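Below is one structure, written out as structure tokens, with a few remarks after it.
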Amino acid sequence: MMKAVTFQDIGSVAVLETPEPTLELPSDVIVRVTRCAICGSDLHLYHGEIPMMPGDTCGHEFTGIIEDTGSSVGKFKRGDRVVGTFHTACGSCNACQRGEYHLCASAAVYGFGPIYGALNGSQAEYARVPFADINLRHIPDKLEDEAALFAGDILTTAYGAARNANISAGSSVAIIGCGPVGIMAIQSALALGATRVIAIDLLEERLQLASSLGAEIINASNSDPVGRIMALSDGEGVDAVIEAVGGSRTILLAFEMVRPGGHISAVGITATQTFDYPLMQSTTKDITFRVGLANIHRDIDKTLALIANGKIDPTVVISHRLALEEAAEGYHLFDTRVASKVILIP
Ligand code: NAD
Ligand code: ZN
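Heads up: the sequence shown at position 170 corresponds to 169 in numbering that gives the first Met the number 0, and the numbers run straight through without jumps.
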């Protein structure tokens, strides 16, 4: 048996003894988890917006050490230090062959309930990784697990969103939301050559972190973010907007602050099924609007290199390190925005 963070009910997780995972297919490996984290996406389960079965293990951000390998695993051996991608891909279906790993026909997200593949979560002492050769990366020697952890999800999500926003040398960028994903988007935009990054949030503490990374900041709780962006950009708007909150309200804000011909990349996940698309505004301003799940496998080698080269330090978002047993407290701290990022140590 092992300890694992399990979903109990809306607003309630508990660390319980659960069965240790075992190899199920020759392409599986078992990882002994060294670090895992609580993600903004986990809060959607915690809030009951995405269905989760009581007793199921939560979590999808993790690093670890290979404990056991299936017979067809070629790239990893017992003892290797690895980071997992937050969702799995098979590597051989049509989508994977096209490099669209996030659209894999048998994709699953660890610990994300029945509609995302019913794969056990990684906030646990051990995790089973399917198609391990595709869904793990070695952690470069000079990188701490805690830094590499972010390449498996939020850093690479944010980096992909920045790529999808067409950010390149000289771009001006607005980033709505300075949660962990927004903070990583600021770092990614700068790494891609943006010369001006304007960060928007409602919480002063999160904005101060954004400022320390080189962003200009707007507190939308006491000022009009669209008016401020226009004032900062000769009334034109910015080249690119990354929406990192989730929900139609902030997506619609992005349409207001992007310049004609600009790009919007929405990365926030929301339970909202539809929203009124600003068709006329999008047409007359000739806006490119991108939204979609992150293609972690496309960008993870690049983001691991950016961390290893010191270009990006994702650990700046960590506010709390707790033992796995303290996960319930960790969820509460993150949910109430006392914590900006919680690392759990099994
Ligand atoms: P978070 O909830 O910690 O951050 C959201 C931030 O937005 C907070 O700092 C909050 O104060 C701010 N905010 C709320 N309303 C705002 C407003 N009106 N204007 C400006 N700021 C506002 O979450 P996170 O971990 O940073 O994740 C952000 C989103 O990205 C979540 O919806 C998460 O599910 C999603 N996500 C998506 C993917 C993907 O593959 N697309 C991967 C990981 C996370
Ligand atoms: Zn996540």
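No residue lacks a Cβ here, since even glycine has one placed at the ideal position from N, Cα and C.
Only a predicted model underlies this, so the values are computations on that prediction, with no experimental measurement involved.
| Asked | Found |
| --- | --- |
| Beta-bridge pairing of Thr62 - partner residues as DSSP gives them | Arg34 and Val82 |
| Bridge partner(s) assigned by DSSP for Asp8 | Ser11 |
| Asn218: first and last residue of the uninterrupted beta strand (DSSP E) it sits in | Glu215 to Asn218 |
| Span of the alpha helix (DSSP H) around Ile250 | Ser247 to Met256 |
| Minimum C-alpha distance to Gly78 - residue among Ala338, Ile138 and Met52 | Ile138 |
| Element boundaries [alpha helix (DSSP H), containing Tyr330] | Ala326 to Asp334 |
| Collapsed DSSP secondary structure at Pro18 in the structure displayed | coil |
| Beta-carbon spacing of Gly116, Ala106 below 8 Å | yes |
| Buried versus exposed, by CB contacts within 10 Å (16 or more), Ser167 | exposed |
| Three or more C-beta pairs below 8 Å linking the segment 132-148 and the segment 53-67 | yes |
| Check: Leu118 C-beta below 7 Å from any heavy atom of the ligand COA | Only the ligand NAD and the ligand ZN can be found as ligands here, which leaves the ligand COA out of the picture. |
| Alpha-carbon spacing of Ser255 relative to Val225, whole angstroms | The question names Ser, but residue 255 in the sequence shown is Glu. In a straight line, the C-alpha of Glu255 is about 6 Å away from that of Val225. |
| Length-filtered (3 minimum) beta strand (DSSP E) runs lying within the segment 151-238 | 171-175, 195-200 and 215-218 |
| Selection from Pro345, Asn221, Gln186 and Ala13 that minimises the alpha carbon distance to Asp200 | Asn221 |
| Boundaries (first-last residue) of the beta strand (DSSP E) holding Tyr100 | Careful: Tyr100 lies outside any beta strand (DSSP E) and carries neither H nor E. |
| Gly371 in three-state terms, based on DSSP | The structure shown does not extend to residue 371, since the chain is modelled only from 0 to 345, so the question has no answer here. |
| 3 or more residues per run - each beta strand (DSSP E) lying fully within the segment 276-312 | 287-290 |
| The beta strand (DSSP E) enclosing Ala126, as first and last residue numbers | Tyr125 to Val128 |
| Three-state class that DSSP yields for Ile133 in the structure shown | helix |
| Supposed close pair Val14, Leu323 - CB separation, criterion 8 Å | 6 Å |
| heavy atom of the ligand NAD below 7 Å from Ser247 C-beta | no |
| Three-state class that DSSP yields for Ala270 in the structure shown | coil |
| Three-state secondary structure assigned by DSSP to Asp67 | strand |
| Contact test: Val266 Cβ vs the ligand NAD heavy atom, cutoff 7 Å | yes |
| Distance cut-off 7 Å: Ile295 Cβ against heavy atoms of the ligand ZN | no |
| Ala147: first and last residue of the uninterrupted alpha helix (DSSP H) it sits in | Asp144 to Ala147 |
| Nearest neighbour of Glu16, chosen from Gln207, Ala209 and Gly54 [CA to CA] | Gly54 |
| Sufficient close CB pairs (3 or more, under 8 Å) joining the segment 254-269 to the segment 285-297 | yes |
| Leu343: first and last residue of the uninterrupted beta strand (DSSP E) it sits in | Val341 to Ile344 |
| Nonlocal neighbours in the same chain, by C-beta distance under 8 Å from Ser210, ignoring five residues either side | Ala198 and Ile216 |
| Three-way DSSP call (helix, strand, coil) for Pro25 in this model | coil |
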